[in-house]
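Protein chains in written order, with the working numbering: chain A, 3 to 114; chain B, 24 to 146.
Even for Gly, the Cβ is constructed at its ideal location relative to N, Cα and C.
Data first, discussion second: the structure below is written as structure tokens.
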Amino acid sequence: QSVLTQPPSVSGAPGQTVTISCTGSSSNIGAGYDVNWYQHFPGTAPKLLIKGNTNRPSGVPDRFSGSKSGTSASLAITGLQGEDEADYYCQSYDNSASANWVFGGGTKLTVL
Amino acid sequence: QGQLQQSGPGLVRPSQTLSLTCAISGDSVSTNSASWNWIRQSPSRGLEWLGRIYYRSNWYNNYADSVKSRITINPDTAKNQFSLQLESVTPEDTAVYYCAWVKSTDYDAFDVWGQGTMVTVSS
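The following block contains the structure:
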């Protein structure tokens, strides 16, 4: 059971916009800790997509954007492309968990 | 940008010690702004942060409670790498293990990841 909750799967057609939610609590996202997002193709190294809630590292397309409000955060992907089909994970810090850096359970994005 | 290259065995016997190494390119393991982490992923536990080391004039570490009694992460300044040792492993420790680099204190994000090592604990 992950500390941060994500939907197991989302889907969208090419060109559409999808949003992936990440729900936490008062000991992590709600406490003001930043949320980071990762893109993961199985068998490869995860890639940092969004850091500090809204910031894209160099090289990440602006089709990817992050937001945060209260105890939740979201990753939006606009202009969906086939190459976006991957697993997406949110991550934050938790001041009560036994492992302070915590992840969501991951969301599988399917491009229809 | 920097890279991390992992090495180590993919099969460990129960009760033995799991040992992995992560070689760093693009920075020094002794840099004052970074931290060096180990994370694992399994179907039952998802992504699980295990621990980290960092240098701030001295070496410090933090470990997850779930493995605190069994884990050691060490720097190797001569080879510019860091290692993971997990003692007394059981089949529950079967997972893909990643090393990960937090580049700065501005954001607590794992900027760079190693390629992952599938470790199976089995006799």
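Residue i versus residue j - alpha carbon distance
i: Asp50(B); j: Gly25(B); result: 7 angstroms
i: Gln3(A); j: Thr100(B); result: 37 angstroms
i: Ala57(B); j: Asn30(A); result: 22 angstroms
i: Asn97(B); j: Gln64(B); result: 21 angstroms
i: Gln2(A); j: Gln28(B); result: Because residue 2(A) is not part of the residues shown, which for chain A are 3 to 114, the question remains open.
Selection from the options that minimises the alpha carbon distance to residue i
i: Ser67(A); options: Thr25(A), Asn57(A), Thr73(A); result: Asn57(A)
i: Ala75(A); options: Thr25(A), Ala47(A), Leu50(A), Gln41(A); result: Thr25(A)
i: Leu112(B); options: Ala46(B), Leu73(B), Ser145(B); result: A small correction: the amino acid at residue 112(B) is Val; Leu does not occupy that position in the sequence shown. Comparing Cα-Cα distances from Val112(B) to each of Ala46(B), Leu73(B), Ser145(B), the minimum goes to Ser145(B).
i: Trp103(A); options: Asp116(B), Tyr120(B), Phe133(B); result: Phe133(B)
i: Pro114(B); options: Pro66(B), Thr95(B), Asp129(B); result: Pro66(B)
i: Val125(B); options: Asp89(A), Ser23(A), Gly54(A); result: Gly54(A)
i: Tyr120(B); options: Asn60(B), Asn81(B), Arg93(B); result: Asn60(B)
i: Ile22(A); options: Asp64(A), Ala47(A), Ile79(A); result: Ile79(A)
i: Pro10(A); options: Gly61(A), Ser60(A), Val62(A), Asp89(A); result: Asp89(A)
CB contact below 9 angstroms: residue i versus chain B
i: Ser100(A); result: yes
i: Val12(A); result: no
i: Tyr90(A); result: no
i: Leu77(A); result: no
i: Thr112(A); result: no
Neighbour flag for residue i against chain A, beta carbons, 9 angstroms
i: Gln108(B); result: no
i: Tyr121(B); result: yes
i: Ala46(B); result: no
i: Ser89(B); result: yes
i: Asn84(B); result: no
Within chain E, partners of residue i - CB distance below 7 angstroms
i: Gly107(A); result: The structure shown contains no chain E; its protein chains are A and B.
Sub-9 angstroms separation of residue i and residue j beta-carbons
i: Val113(A); j: Asp96(A); result: no
i: Trp136(B); j: Ile76(B); result: no
Members of the segment 131 to 146 of chain B near chain A, C-beta cut-off 9 angstroms:
Residues passing the 9 angstroms Cβ filter: Asp131, Ala132, Phe133, Asp134, Val135, Trp136, Gly137, Gln138, Gly139.
What residues in the segment 50 to 82 of chain B bring their beta carbon closer than 7 angstroms to a beta carbon of chain A?
Of all residues in the segment 50 to 82 of chain B, only Gly69, Leu70, Glu71, Trp72 come within less than 7 angstroms of chain A when Cβ atoms are compared, listed by chain position.
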